[in-house]
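First comes the structure, then the notes that go with it.
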Amino acid sequence: SQQGEEDPQALSIQEGENATMNCSYKTSINNLQWYRQNSGRGLVHLILIRSNEREKHSGRLRVTLDTSKKSSSLLITASRAADTASYFCATVERSNDYKLSFGAGTTVTVRA
Amino acid sequence: SAVISQKPSRDICQRGTSLTIQCQVDSQVTMMFWYRQQPGQSLTLIATANQGSEATYESGFVIDKFPISRPNLTFSTLTVSNMSPEDSSIYLCSVDIAGGPANEQYFGPGTRLTVT
Chain A
1 SQQGEEDPQA LSIQEGENAT MNCSYKTSIN NLQWYRQNSG RGLVHLILIR
51 SNEREKHSGR LRVTLDTSKK SSSLLITASR AADTASYFCA TVERSNDYKL
101 SFGAGTTVTV RA
Chain B
1001 SAVISQKPSR DICQRGTSLT IQCQVDSQVT MMFWYRQQPG QSLTLIATAN
1051 QGSEATYESG FVIDKFPISR PNLTFSTLTV SNMSPEDSSI YLCSVDIAGG
1101 PANEQYFGPG TRLTVT
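Line by line, the protein sequences are chains A and B.
Sequential numbering from 1 applies to the first sequence in this note's numbering.
Sequential numbering from 1001 applies to the second sequence in this note's numbering.
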């Protein structure tokens, strides 16, 4: 079963704007990860944040984690047309730490 | 990192038939997984492919419908048996090369299956 719920389901922004998407989950986690999928292809790992971390950066990506609210956010700054994709959060639960449980995903469209 | 290839990349099959999907990794890995992604949906884990033993299936997935082989540490197959239109999905394999509590996974490009 899916652990994460993401919002919004879809997001359309202009090139250069920032995109923010959120992920909520239900159980205690070991870590939370964000992945990108272009046009139904394979997923690409973006960033991993551990349960004892609150914020992490990678290039134009910023991820936050609030374990008290069981939620995470992904911010993409200065978006580009190439950022058009579906973004998924995935959690590693403490009770099942061998596998990822994926959220429903957010589809981001960046208009040129 | 790991480079993963899948064959076929896509196929159109008739109901009642079976399709075997291959997943090849460029290095030896312990943990290999098979996922299903139904149209417009997220990924659902089908099973963990174990080398030298039976696969470990998630709730809702059974070996008779999705038999999996893992003959060595670089290769696995997933068969979708007795297909129906509801099996139309993208099937993806992935690997976790780091071991321990799940780290980042590397995904293959997926196999897009359409059942008519």
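Every residue, glycine too, gets a C-beta built ideally from N, C-alpha and C.
List the residues of chain A that B/Leu1092 touches, going by C-beta distances under 8 Å, in chain order. For the purposes of this step, residue 1092 of chain B is taken as the residue at position 92 of the second sequence. Under the 8 Å cutoff, chain A gives Gly42 and Leu43.
Residues of the region 76-101 of chain A with a CB closer than 7 Å to any CB of chain B: list them in chain order, please. Phe88, Val92, Asp97, Tyr98, Lys99 and Leu100
How about A/Leu11: is its C-beta nearer than 8 Å to some C-beta of chain B? Locating residue 11 of chain A in the first sequence gives position 11, where the first residue counts as 1. With 8 Å as the cut-off, A/Leu11 does not count as an interface residue toward chain B.
Nearest chain A C-beta to B/Gly1108 closer than 8 Å, yes or no? For the purposes of this step, residue 1108 of chain B is taken as the residue at position 108 of the second sequence. With respect to chain A, the C-beta atom of B/Gly1108 has a partner C-beta closer than 8 Å.
Backbone secondary structure at A/Asp66 - three-state DSSP: Here residue 66 of chain A corresponds to residue number 66 of the first sequence, with the count starting at 1. In the three-state DSSP reduction, A/Asp66 falls in the strand class (E or B).
Do the CB positions of A/Leu48 and A/Asn22 come within less than 8 Å of each other? Position 48 of the first sequence, counted from the start, is the residue given in the question as residue 48 of chain A. Position 22 of the first sequence, counted from the start, is the residue given in the question as residue 22 of chain A. Result no, Cβ atoms of A/Leu48 and A/Asn22 do not sit closer than 8 Å.
Roughly how many angstroms separate the alpha carbons of B/Tyr1091 and B/Gln1037, rounded to a whole number? Taking the first residue of the second sequence as position 1, residue 1091 of chain B is located at position 91. Taking the first residue of the second sequence as position 1, residue 1037 of chain B is located at position 37. If I take the Cα positions, the gap works out to 6 Å.
Any idea what DSSP makes of A/Ala82, helix, strand or coil? To locate residue 82 of chain A, count along the first sequence from 1; it is residue 82. Of the three classes helix, strand and coil, the one that applies to A/Ala82 here is helix, per DSSP.
C-beta neighbour in chain A for B/Ala1102, strict 8 Å: Start at 1 with the first residue of the second sequence, and residue 1102 of chain B comes out as number 102. For B/Ala1102, the answer is yes, since a Cβ of chain A falls inside 8 Å of its Cβ.
CB contact flag (A/Thr91, A/Thr109, <8 Å): In the first sequence, the residue the question calls residue 91 of chain A occupies position 91. In the first sequence, the residue the question calls residue 109 of chain A occupies position 109. No, the Cβ-Cβ distance between A/Thr91 and A/Thr109 is not below 8 Å.
Within chain B, the residues that A/Leu48 reaches when beta carbons sit closer than 9 Å: Your numbering for residue 48 of chain A matches position 48 in the first sequence. Here the neighbours are Asn1103 and Glu1104.
Assuming A/Asp105 and A/Ser86 are in contact, meaning their beta carbons sit under 8 Å apart, how far apart are those beta carbons, in whole angstroms? Here residue 105 of chain A is taken as the residue at index 105 of the first sequence, counted from 1. Here residue 86 of chain A is taken as the residue at index 86 of the first sequence, counted from 1. First, the amino acid is wrong: residue 105 of chain A is Gly here, not Asp. With a Cβ gap of about 5 Å, A/Gly105 and A/Ser86 count as contacting.
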